[in-house]
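Heads up: the structure comes next, in structure tokens.
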Amino acid sequence: MKEENILSAVSAAKEAGIRVFDTSPNYKVDISLGQAFKQVGLRREEIIIVEKVDTSDQLFPIGISLENCLKRLDIDYIDLYLIHWPFPERYIDTWKQMEQFCREGIVKSIGVCNFMPHHLDPLLKKADIIPAVNQIELHPMFTQIATVEYCRRNKIAVMAYTPLGRMNKALINNPLIISLARKYGKTVPQIILRWDTQSNIIVIPKSESPLRIRENGEIFDFCLLDEEIAAINALNCDMRLRFDPDDLSRYPLSLSRKYRLKILIHAWAWKLKHFMKTSLLQKPL
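Under full-length UniProt numbering, the first residue of the sequence shown is numbered 1, with each subsequent residue one higher.
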């Protein structure tokens with residue numbers, strides 16, 4: 001998103017009463033987002049910021065990534081901090097670090113993204129803090145029933161990204177959803193978002209358009225019938241539109257010697273910094 005688009009989007013969100021902002025270092029918008037909050041007059045305590053630990057950041061002590069996020073956004077805490085992808089053999093260690101930041105109050109809640117039951121099982125066995133949220137791709141063509149039910153059994157809230165299926169033609173032109181939009185005097189995206197919310201799914205639709213942002217918030221003045229929700233559920237065809245978390249090519253498993261040295265340097269720099277901070281705090285006056 002361009003800087004001017006971020007400002008107009010945040011302004012529209014403010015007017016629509018939307019206060020949850022989902023971001024990631026990978027999106028390259030944190031600095032502009034932090035500036036936009038100030039420009040439109042949104043106070044820190046009014047907003048909920050969802051930030052993420054990117055895949056490559058899991059190779060380092062994640063305090064480095066967290067500090068950088070706080071600086072870019074110009075804030076002193078994160079409301080919800082998520083592991084972006086289940087990096088094999090790294091995400092449990094990442095989670096233990098996040099638990100410590102949660103205890104320290106630097107982050108208020110912690111969770112995960114793109115985790116399936118076989119990722120969550122080993123995490124829950126080691127976790128002292130249960131993930132508050134699992135943010136996953138979820139839309140009528142990809143309902144991820146097994147993952148949703150697993151999360152509910154374990155009291156993990158489900159947050160849907162790509163809830164509109166990237167406006168896939170097979171979805172937005174579906175006769176069922178079009179007929180429901182006509183029945184309720186709503187748009188197709190509004191019907192889909194209402195289906196989500198009535199299914200106890202948190203939605204984070206992406207939009208740069210002030211009109212769409214406003215429409216996304218206008219979904220609480222009607223209710224779908226149970227049979228209509230069931231009919232939308234039946235549209236599932238397991239059509240994943242985003243990345244598969246089990247695709248190992250997404251993770252830097254084979255590291256060069258030079259890159260391993262870089263990891264060690266970052267790790268020792270982090271440890272030295274925090275050792276010095278602790279020593280100064282413990283030094284008698």
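Every residue, glycine too, gets a C-beta built ideally from N, C-alpha and C.
Problem set entry | Inter-stretch contact (C-beta, 8 angstroms, three-pair minimum) for the stretch 212-232 and the stretch 176-194 | yes
Problem set entry | DSSP bridge partner residues for F142 (one or two, in chain order) | For this step, residue 142 is matched to residue 142 along the sequence shown. Answer is H139, bridged to F142.
Exercise. Ends of the alpha helix (DSSP H) at K155?
Worked result: Locating residue 155 in the sequence shown gives position 155, counting from the first residue. Segment: none, K155 is in no alpha helix (DSSP H) and carries neither H nor E.
Exercise. Where do the N-terminal and C-terminal ends of the beta strand (DSSP E) with Y81 fall, by residue?
Worked result: As a working mapping, residue 81 is identified with position 81 in the sequence shown. Counting along the chain, the beta strand (DSSP E) containing Y81 begins and ends at I78 to I83.
Exercise. Helix or strand or just coil, what does DSSP make of A16?
Worked result: For the purposes of this step, residue 16 is taken as the residue at position 16 of the sequence shown. The answer is helix: DSSP assigns A16 an H, G or I state.
Problem set entry | Inter-stretch contact (C-beta, 8 angstroms, three-pair minimum) for the stretch 75-89 and the stretch 108-116 | yes
Exercise. What residue from A234, E51 and Q39 has the CA that sits closest to L176's CA?
Worked result: Stepping through the sequence shown from its first residue, residue 176 is reached at position 176. That would be A234, whose Cα lies nearest to the Cα of L176.
Exercise. In three-state terms, what does DSSP make of K28?
Worked result: Indexing the sequence shown from 1 puts residue 28 at position 28. Residue state, collapsed to three classes: coil.
For this session: Select from L120, D128 and L73 the residue whose C-alpha is nearest the C-alpha of I136.
Result: Numbered from its first residue, the sequence shown carries residue 136 at position 136. For I136, the nearest C-alpha among the options comes from L120.
Exercise. With 16 other CB atoms within 10 Å as the buried threshold, where does H139 fall?
Worked result: Walking along the sequence shown from the start, residue 139 turns up at place 139. Result: buried.
For this session: Run the CB neighbour count on N216, radius 10 Å, all protein chains shown included, and call it buried at 16 or more, exposed below.
Result: Translated into the one-based positions of the sequence shown, residue 216 becomes position 216. Buried, by the Cβ-count rule.
For this session: Identify which residue in M141, V53 and R90 has its Cα closest to the Cα of K126.
Result: Looking up residue 126 in the sequence shown gives position 126. Checking every option, the nearest Cα to that of K126 belongs to R90.
Exercise. How do the stretch 39-46 and the stretch 64-73 stand: do at least 3 beta-carbon pairs fall below 8 angstroms, yes or no?
Worked result: no
Exercise. Are the beta-carbon atoms belonging to Q97 and I64 less than 8 angstroms from one another?
Worked result: For the purposes of this step, residue 97 is taken as the residue at position 97 of the sequence shown. For the purposes of this step, residue 64 is taken as the residue at position 64 of the sequence shown. The answer is no: Cβ separation not under 8 angstroms.
Exercise. Between V10 and the rest of its own chain, which residues show a CB-CB distance below 6 angstroms, the 5 nearest in sequence each way excluded?
Worked result: Translated into positions along the sequence shown, residue 10 becomes position 10. Correct list, in chain order: A36 and V40.
Exercise. Nearest-angstrom Cα distance between A160 and Q190?
Worked result: Against the sequence shown, residue 160 aligns to sequence position 160. Against the sequence shown, residue 190 aligns to sequence position 190. The straight-line gap from Cα to Cα measures roughly 15 angstroms.
For this session: State the CB to CB distance for the pair T143 and N236, rounded to an integer number of angstroms; the pair is presumed to be in contact (CB under 8 angstroms).
Result: Counted from its first residue, the sequence shown places residue 143 at position 143. Counted from its first residue, the sequence shown places residue 236 at position 236. With 8 angstroms as the limit, T143 and N236 qualify as a contact, their Cβ atoms being about 4 angstroms apart.
Exercise. Can you give the Cα-Cα distance for I130 and I92, rounded to whole angstroms?
Worked result: Position 130 of the sequence shown, counted from the first residue, corresponds to residue 130. Position 92 of the sequence shown, counted from the first residue, corresponds to residue 92. Approximately 12 angstroms between the Cα atoms of the pair.
For this session: Go through its chain and collect everything with a Cβ distance to Y77's Cβ below 7 angstroms, but skip five positions before and after it.
Result: Along the sequence shown, one-based indexing puts residue 77 at 77. Answer for Y77: G105, I106, V107 and K108, listed in chain order.
Exercise. For I229, which of helix, strand or coil comes out of DSSP?
Worked result: Sequence index remark: in the sequence shown, residue 229 carries index 229 (1-based). I229: helix per DSSP, three-state reduction.
Exercise. I178 and Q198: beta carbons closer than 8 angstroms?
Worked result: Within the sequence shown, the letter at position 178 stands for residue 178. Within the sequence shown, the letter at position 198 stands for residue 198. Against a cut-off of 8 angstroms, the Cβ pair of Q198 and I178 comes out as no contact.
Exercise. Could you give the residue range of the beta strand (DSSP E) that holds residue 301?
Worked result: The structure shown has nothing for residue 301, since the chain only spans 1 to 285.
For this session: Locate the beta strand (DSSP E) running through G41, then write down its first and last residues.
Result: Locating residue 41 in the sequence shown gives position 41, counting from the first residue. No beta strand (DSSP E) contains G41, which DSSP labels as neither H nor E.
Exercise. How big is the Cα-Cα spacing for Y150 and D22?
Worked result: Counting from 1 along the sequence shown, the entry for residue 150 is found at position 150. Counting from 1 along the sequence shown, the entry for residue 22 is found at position 22. About 23 angstroms.
Problem set entry | Where E89 sits in the DSSP three-state scheme | Here residue 89 corresponds to residue number 89 of the sequence shown, with the count starting at 1. Three-state DSSP puts E89 in coil, outside helix and strand.
Exercise. Do you know how far the Cα of S24 is from the Cα of L193?
Worked result: Numbered from its first residue, the sequence shown carries residue 193 at position 193. Numbered from its first residue, the sequence shown carries residue 24 at position 24. When rounded, the distance between both Cα atoms is 23 angstroms.
Exercise. Which value, in whole angstroms, describes the spacing of the CA atoms of T162 and E99?
Worked result: Here residue 162 corresponds to residue number 162 of the sequence shown, with the count starting at 1. Here residue 99 corresponds to residue number 99 of the sequence shown, with the count starting at 1. If I take the Cα positions, the gap works out to 27 angstroms.
For this session: Reducing DSSP to helix, strand and coil, say where D246 ends up.
Result: Along the sequence shown, read from residue 1 onward, the residue named residue 246 stands at position 246. Here D246 sits in coil by DSSP.
Problem set entry | C113 - DSSP class collapsed to helix/strand/coil | One-based indexing of the sequence shown puts residue 113 at position 113. Three-state DSSP puts C113 in a strand.
For this session: On a CA-only basis, which of K52, M1, A16 and K2 is nearest E218? Give me that one, please.
Result: Working through the sequence shown from its first residue, we reach residue 218 at position 218. Residue A16 is the option with its Cα nearest to E218.
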